[in-house]
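Those protein sequence lines, which keep their order, are chains S and Y.
Following full-length UniProt numbering, the numbering of the first sequence begins with 1 at its first residue and continues without gaps.
Following full-length UniProt numbering, the numbering of the second sequence begins with 1 at its first residue and continues without gaps.
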Amino acid sequence: MSSNHPLDQLYRQVIMDHYKNPRNRGVLEGTNVDVNMNNPTCGDRIHLTMKVEDGKVADVKFEGEGCSISMSSASMMTQAIKGKTVEEALRLAHIFSDMIQGKEYDDSVDLGDIEALQGVSKFPARIKCATLAWKALEKGLHNHEHEGR
Amino acid sequence: MNVNEIRALFPILHQQVNGHPLIYFDSAATSQKPLPVIETLDRYYREYNSNVHRGVHTLGTKATDAYEGAREKVRRFINAKSAQEIIFTRGTTSSLNLVAASYGRANVKEGDEIVITYMEHHSNLIPWQQLAKQTGATLKYIPLQADGTIDLRDVEATVTPAAKIVAIAHVSNVLGTVNPVREIARIAHERGAVIVVDAAQSAPHMKIDVQELDCDFLAFSGHKMCGPTGIGVLYGKRELLEKMEPIEFGGEMIDFVELYDSTWKELPWKFEGGTPIIAGAIGLGAAIDFLEQVGLDAIAAHEHELAQYALERMADIEGVTVYGPKERAGLVTFNIEGVHPHDVATVLDAEGIAIRAGHHCAQPLMKWLGVTATARASFYLYNTREEIDRFIAALQKAKEYFSHVF
């Protein structure tokens, strides 16, 4: 496909790679973070399971159904937060949220593959697709923090 | 019917979207508005905006006449016996909720049955789900045939003498199925139930005669039939409406108010508490005039031809699945193998084509179809065969694009 198709800034190669070959797909057993979330307006859904130990995301998996943007975003998210501390993961979620809304974002952190989703900010109708997994992450870590106290 | 003349009356259609002439294939979600409707709203606000049914000034009388004149237009549009049977609401959802909350709460009790189908829009599903929970009644579903139609034998079997309400879509917003409402009404009445018809997807597109259908209640929205948003209609048989209690109380709907008791106005106003949707109703009246001028039969024939043409062309694209029966109203719901409907919609949008993607407010039906989401192209009087040709080319492009990026 020619690289000057207007949709190429949305459907970057790395996004389609994550869509086709999702990382960390599945459900973790015996975890302490288990979140179901859906996007009621379009039917996308995600089931996120995480093992949080000593303030770190020791393991994470996702299951779900949705479009290329929502599923690739979920795959990238799990890849990015695995092994990170809870604070780092939440900070990443915050940076991601800024980036996807087209705001100025903290570029001192290497976003890796996630940066490919930047183009979504130019497709307002698809922003919710990209944020679903990250909202599940925030909810899961938030619940975990509260239960832990 | 001259489509070019019709299109000239819809200013919104004459624009470029993402560098292409707009093709609007999302009329089942909301239709576009013709100049006669836009100008009627403009004139109301510029020339005679006033509250209705109160005061004696000239503008108030003019507004009241226009508002009640719109009610008479609606009466004629669906051939109701009396304008007193026409209640203005916020839309189909409000209309159906009114029936469930008023008629339902008064007439349905524990052990009774409420019957709907798998193809209902959430607005004709959740009010009944709630009513069943509140009253202890059982909610039952009429099953669907493999092609998304209803077999009357299943209606006979599902609607028992315990049924108090049968609620059904006239036309499915996903499958395009046109349900045999008159026959279902006959069965419901034989069993002693009332029939509630969700006409949101039929009233804009075909001639409706409530006396011929013999339905007890019928609901539809103005915005899907060239009218403004925020206005809808509930038709009900007079003898039923008369016995029903209002669900909203306040100004406009009262007769006498005393310290500890009040009485209600007569039909239809007892159901229209508060300042009514004056501009919306007048705009709906203009939309009805417009549709009748074009002719509902001509509109139905035009959409039928477009849908059949789209089905024919889509059958040629490998990997495209179309849901619903061949004989259908003017919409086509589909999926392209390996491409999520959101992605299909984004690719089409880049070509200037507006379609809907998602679950179409029909999650139980999506489950029945075995999918989580679908794409839908829906047609109206202003669409053309040439637009379908461009749509088909864009579908090919979507398929090709995603097979390359993989």
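Even glycine gets a Cβ: it sits at the ideal position worked out from N, Cα and C.
Keep in mind that this is a model prediction, so the values were computed, not measured.
Query                                                                                                      : Result
Interfacial residues, the stretch 41-68 of chain S to chain Y, with Cβ spacing under 9 Å                   : T41, C42, G43, D44, R45, E65, G66, C67 and S68
For R43 of chain Y, the three-state DSSP class (helix, strand or coil)                                     : helix
Exposure of T117 of chain Y, with buried meaning 16 or more beta-carbon neighbours within 10 Å             : buried
Neighbouring residues, chain Y, relative to L10 of chain S (Cβ below 8 Å)                                  : T346
I231 of chain Y to A133 of chain S span [Cα, whole Å]                                                      : 37 Å
Residue nearest to I17 of chain Y in terms of C-alpha spacing, selected from Y:D214, Y:A354 and Y:G69      : What sits at residue 17 of chain Y in the sequence shown is Val, not Ile. The option with the nearest alpha carbon to V17 of chain Y is Y:A354.
CA-to-CA distance, Q308 of chain Y to M366 of chain Y, given in whole angstroms                            : 23 Å
Cα-Cα separation, W264 of chain Y to H342 of chain Y                                                       : 49 Å
Distance between I86 of chain Y and K62 of chain Y (C-alpha atoms, nearest Å)                              : 20 Å
C-alpha gap between I69 of chain S and C129 of chain S, whole angstroms                                    : 6 Å
Contacting residues, own chain, Cβ-Cβ under 7 Å from I282 of chain Y (five flanking each side not counted) : T40, Y44, A66, Y67 and A70
Minimum Cβ-Cβ distance from H5 of chain S to chain Y less than 9 Å                                         : yes
Proximity to G273 of chain Y [Cα-Cα], best of Y:K109, Y:P204 and Y:V52                                     : Y:V52
Whole-angstrom distance between T78 of chain S and L141 of chain S, CA atom to CA atom                     : 13 Å
Rounded separation between F249 of chain Y and I277 of chain Y - CA only                                   : 16 Å
Cutoff 9 Å: M1 of chain S Cβ touching any chain Y Cβ                                                       : Since pLDDT at M1 of chain S reaches only 42, below the 50 mark, its modelled position is unreliable, and the value read off the structure follows with that caveat. True, the Cβ-Cβ gap to chain Y drops below 9 Å.
Chain S contact residues for A357 of chain Y, given Cβ-Cβ distances below 8 Å                              : C42
Assigned exposure category for V56 of chain Y - 16 Cβ within 10 Å defines buried                           : exposed
Chain Y contact for S70 of chain S (CB, 9 Å cutoff)                                                        : yes
Check whether residue 154 of chain S and G26 of chain S have beta carbons under 9 Å apart                  : Residue 154 of chain S is absent from the structure shown; chain S starts at 1 and stops at 149.
Residue from Y:H304, Y:I247, Y:P364 and Y:E292 whose Cα sits closest to the Cα of R76 of chain Y           : Y:E292
Opposing strand residues paired with Y401 of chain Y [DSSP bridges]                                        : Answer is none; Y401 of chain Y lacks a bridge partner.
Where the beta strand (DSSP E) through F379 of chain Y begins and ends                                     : That residue, F379 of chain Y, is in no beta strand (DSSP E); it is neither H nor E in DSSP.
Proximal residues to R149 of chain S (C-beta, below 8 Å), its chain only, five neighbours per side dropped : Because R149 of chain S sits at a pLDDT of 46, beneath the cut-off of 50, its placement in the model cannot be relied upon, and the following sentence gives the value as read from the coordinates. The answer is none, since no qualifying residue turns up.
Identity of the residue in Y:L139, Y:G338 and Y:C226 nearest M16 of chain S by Cα                          : Y:G338
Check whether H205 of chain Y and L296 of chain Y have beta carbons under 9 Å apart                        : yes
Chain A contacts from the stretch 109-132 of chain S (Cβ-Cβ distance under 8 Å)                            : In the structure shown, chain A cannot be found, because the protein chains are S and Y.
Residues from the stretch 321-347 of chain Y in contact with chain S, defined by Cβ distance under 7 Å     : H340, H342, D343, T346 and V347
Chain S contacts made by the stretch 24-54 of chain Y, where a contact means CB separation under 9 Å       : none
Beta-bridge partners of P21 of chain Y, as assigned by DSSP                                                : Y:Q16
Inter-residue CB distance, A329 of chain Y and E303 of chain Y (contact presumed, cutoff 8 Å)              : 7 Å
Separation of G111 of chain Y from Y11 of chain S, as counted between CA atoms                             : 54 Å
Interface residues of chain S facing M366 of chain Y [CB-CB closer than 9 Å]                               : G43
Coarse secondary structure for Y260 of chain Y, derived from DSSP in three states                          : coil
Residue burial classification, F88 of chain Y (beta-carbon count within 10 angstroms, cutoff 16)           : buried
9 Å Cβ cutoff met for S75 of chain S and H18 of chain S                                                    : yes
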